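In our numbering, the protein residues as written are 150 to 533.
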């Protein structure tokens, strides 16, 4: 990973392009680099059957970046309307989905017109799902504005909303691949520090699940990523996207290997659910705790050599991320409640828990035969 002192406001770093080849879907590109938002119109224009689109965003993104996108689309001659939604996980709901689909129809968009998802993971998931079902499927474009969305949720075609039932994270949705992803790393400068850190947890995930050299690189240069040094950020985003693209190419609909991308998520989603997705833990913070727990649990089962969990926790903690449930010490659930939430996880099969565990840093695997009693004992120890 390059170490650079270039100011984040410059756009001198070359754009990187990652190609995604999802089985059963047209291939598409992820464009990564600073300043891309100003060029979005010229990149998008060739994709459109007519120069008309609809931008879906949230209030925070609109305040910081909508004028830049508007100017870019206007310069390219693309007519566009904007729907601005409240920020936050609560927006991924049936109510907002219905409102959005009805708005798409009210704006008289045709089946071949594109929807632009302009925001973080919440907007990408919601707008992508709306595009998947409006007029039985419309194309859409991802312009992710958070680090988490740039390295994870905008890539791979998972779209959806949350359910009020139990472990309700992303249980309602569809696989619907974008036509293109435009990841302007320069917009990350407006992210609150906590949001940036939450995205960094997903960057670390790619090293832990399949690329030990990348994790070692982050141990040395992760501070440059969090300082938003352009070359470091581009390397982190591009490496993460290449890792995800490789997995999505092999398993676009999560029938097998793609579940590896959920390292830390079984534990993390259960924590988010028990808190009601109220912002006490951001998704990336919950994943950081979950990844540390996955390593501790793997060590406990004798699957992973001693010391690896401590190394992972050390790096996450140094970055400023939580690694255990002390982050929610005043709202700790019962171990039995967490286990019940885990039973509702999307990876569960035939009523059995499925975990992503590790043999080593960079060597994650899918475990389908984990003893529930061992999980319960571990959770009790973690919550003590």
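Note that beta-carbon positions come from the ideal geometry of N, C-alpha and C, so glycine has one too. These numbers come from a predicted model, not from an experiment.
*Return the chain-ordered ranges of every alpha helix (DSSP H) run that is complete within the stretch 220-297 and spans a minimum of 4 residues.*
Listed in chain order, they are 243-255 and 270-282.
_Presumed contact (8 Å Cβ cut-off) between residue 276 and residue 289, rounded CB distance_ = 6 Å
*Considering only C-alpha positions, which residue in the set 210, 347 and 283 is nearest to residue 339?*
210
*Between residue 534 and residue 487, what straight-line distance do the alpha-carbon atoms span, to the nearest angstrom?*
Nothing about residue 534 can be reported from this structure: the residues present for the chain run from 150 to 533 only.
*Nearest to residue 514 by alpha carbon, out of 522, 505 and 521?*
505
_Candidates 292, 476, 301 and 445: closest to residue 183 by CA position_ = 292
*Using a Cβ-Cβ cut-off of 6 Å (strictly less than) and excluding sequence neighbours within five positions of residue 198, which residues of its own chain qualify?*
261
_residue 303 burial status per 10 Å Cβ neighbour count (16 or more: buried)_ = buried
_Coil, strand or helix - residue 332 by DSSP_ = In the three-state reduction of the DSSP assignment, residue 332 falls in the strand class, which pools E and B.
*So, is residue 311 buried or exposed, given that buried needs 16 or more other C-beta atoms within 10 angstroms?*
buried
*Cβ pair count under 8 Å reaching 3, the stretch 327-336 against the stretch 359-373*: Counting C-beta pairs with one atom in each stretch, the stretch 327-336 and the stretch 359-373 have fewer than three that are closer than 8 Å, which means they do not touch.
*asked:* According to DSSP, is residue 505 part of a helix, a strand, or is it coil?
replied: strand
_CA-to-CA distance, residue 478 to residue 415, given in whole angstroms_ = 19 Å
*Do you know whose CA, among 402, 350, 342 and 357, lies nearest residue 376's CA?*
342
*Determine the direct distance from the alpha carbon of residue 174 to that of residue 245, and round the result to whole angstroms.*
27 Å
*Identify every residue that forms a DSSP beta bridge with residue 201.*
BP columns for residue 201 point to 228.
*Among all the DSSP beta bridges, which residues are the ones paired with residue 304?*
Note: residue 304 sits in no beta bridge, so no partner.
*Nearest-angstrom Cα distance between residue 180 and residue 238?*
26 Å
*Secondary structure at residue 426, three-state DSSP: helix, strand or coil?*
Collapsing the DSSP output to three states places residue 426 in coil.
*Under 9 Å between the Cβ atoms of residue 533 and residue 450?*
Taking C-beta atoms as the reference points, residue 533 and residue 450 fail to come closer than 9 Å.
*Round the Cβ separation of residue 355 and residue 388 to the nearest angstrom and send it over; I've been treating them as touching at under 8 Å.*
7 Å
*For residue 179: DSSP bridge partner residues*: 167 and 330
*Between residue 252 and residue 265, what straight-line distance do the alpha-carbon atoms span, to the nearest angstrom?*
14 Å
*Contacts around residue 227, its chain only, beta-carbon distance under 8 Å, and the 5 residues preceding and following it disregarded*: Here the set comprises 190, 193, 194, 197, 200, 201 and 202.
_Quick check: the Cα distance between residue 494 and residue 267, rounded to an integer number of angstroms?_
Across the structure, residue 494 and residue 267 are spaced so that their CA atoms are roughly 28 Å apart.
*Taking Cβ positions, are residue 481 and residue 491 nearer each other than 9 Å?*
Cβ atoms of residue 481 and residue 491: not closer than 9 Å.
*So which of 349, 443 and 234 has the shortest CA-CA distance to residue 467?*
349
*Mark residue 221 as exposed unless 16 or more other C-beta atoms lie within 10 angstroms of its C-beta, in which case mark it buried.*
buried
*Which ranges would you report for the alpha helix (DSSP H) in the stretch 319-406 if only whole runs of at least 4 residues count?*
342-359, 361-375 and 379-399
*Which residues in the same chain have their Cβ closer than 7 Å to the Cβ of residue 534, if we skip the five residues on either side of it in sequence?*
Within the shown structure, residues of the chain are numbered from 150 to 533, placing residue 534 beyond reach of any answer.
*Identity of the residue in 186, 171 and 164 nearest residue 396 by Cα*: 171
_Buried versus exposed, by CB contacts within 10 Å (16 or more), residue 379_ = Answer is buried; the Cβ neighbour count reaches 16.
*What residues are listed by DSSP as bridge partners for residue 309?*
322
_For residue 361, the nearest candidate out of 296, 163 and 512 (CA to CA)_ = 512
*asked:* Please return the same chain residues whose Cβ sits closer than 6 Å to the Cβ of residue 229, not counting the five positions on each side in sequence.
replied: 202, 204 and 222
*For residue 514: DSSP bridge partner residues*: 506
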